[in-house]
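Sequence positions in the sequence shown follow full-length UniProt numbering and run 1 to 141. Note that the Cβ used here is the ideal one computed from N, Cα and C, for glycine as well. The block underneath contains the structure these notes are about, expressed in structure tokens.
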Amino acid sequence: MTTIQHAPATPTRCGPTVHRADTPPNRRRGGDIRVLLSPASVGSTAGFMGTLTLEPGEVVTEHWHPYSEEFLYCQEGDVLVTLDGEERRLVGESAVHIPIGVRHRIVNDSSTTATFVFLCGPLAPRPELGHVDTELPPGVR
């Protein structure tokens, strides 16, 4: 039997539409990472979502999330993803689930641009606790 739930009498306010072009890139871990939907941008409380663009030769350095699982969808491209030391290919129109605590790294070792959509949740208690870096950022020794 299906239960029908009606919307609350007081509607919940939806956040704004966020455009990728209006979101500055974060290149700290490599690539072009843009968090589109987050507590800061739309008031989300369960997680955050964004895009990643990796040009040929670019890397997202190894890190892990102590509070969040990550869903990573490759829109186009062909990259090498390393999950807790296990290497696997992620190609266009495929996805991988990265559980809480799993170290992960992405390398675009192909000759074409790779684009992704990612979602992480639940949120860490504070943003600075959400990522643990296990590799130095690109260009840092």
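In this structure Gly139 is exposed. Its beta-carbon is surrounded by fewer than 16 other beta-carbon atoms within 10 angstroms. Only buried fits Ser38, as 16 or more other CB atoms lie within 10 angstroms of its CB.
Val81 is the residue among Ser68, Gly47 and Val81 whose C-alpha sits nearest the C-alpha of Val60. Just measuring C-alpha positions, the residue of Gly57, Ala40 and Thr17 sitting nearest Gly31 is Gly57. If you check the CB distance, Asp84 and Arg103 come in under 8 Å. Annotation: the continuous beta strand (DSSP E) that includes Val96 extends over Ser94 to Ile98.
Beta bridge pairing from DSSP links His63 with His104 and Asp133. Distance from Tyr73 to Val117 at the Cβ level is roughly 5 Å; contact confirmed, criterion being Cβ atoms closer than 8 Å.
Residue range Pro39 to Val42 is occupied by the alpha helix (DSSP H) that includes Val42. Per DSSP, reduced to three states, the secondary structure at Glu128 is helical.
By the neighbour-count definition (other C-beta atoms within 10 Å, threshold 16), Ile4 is an exposed residue. For Ser41, the CB contacts under 6 Å within the same chain, skipping 5 residues up- and downstream, are Val18 in chain order. Each residue's CA atom was taken as its position, placing Glu86 and Glu69 some 17 Å apart.
Closest in C-alpha terms to Leu52, from the list His97, Thr115, Ser111 and Gly101, comes Thr115.
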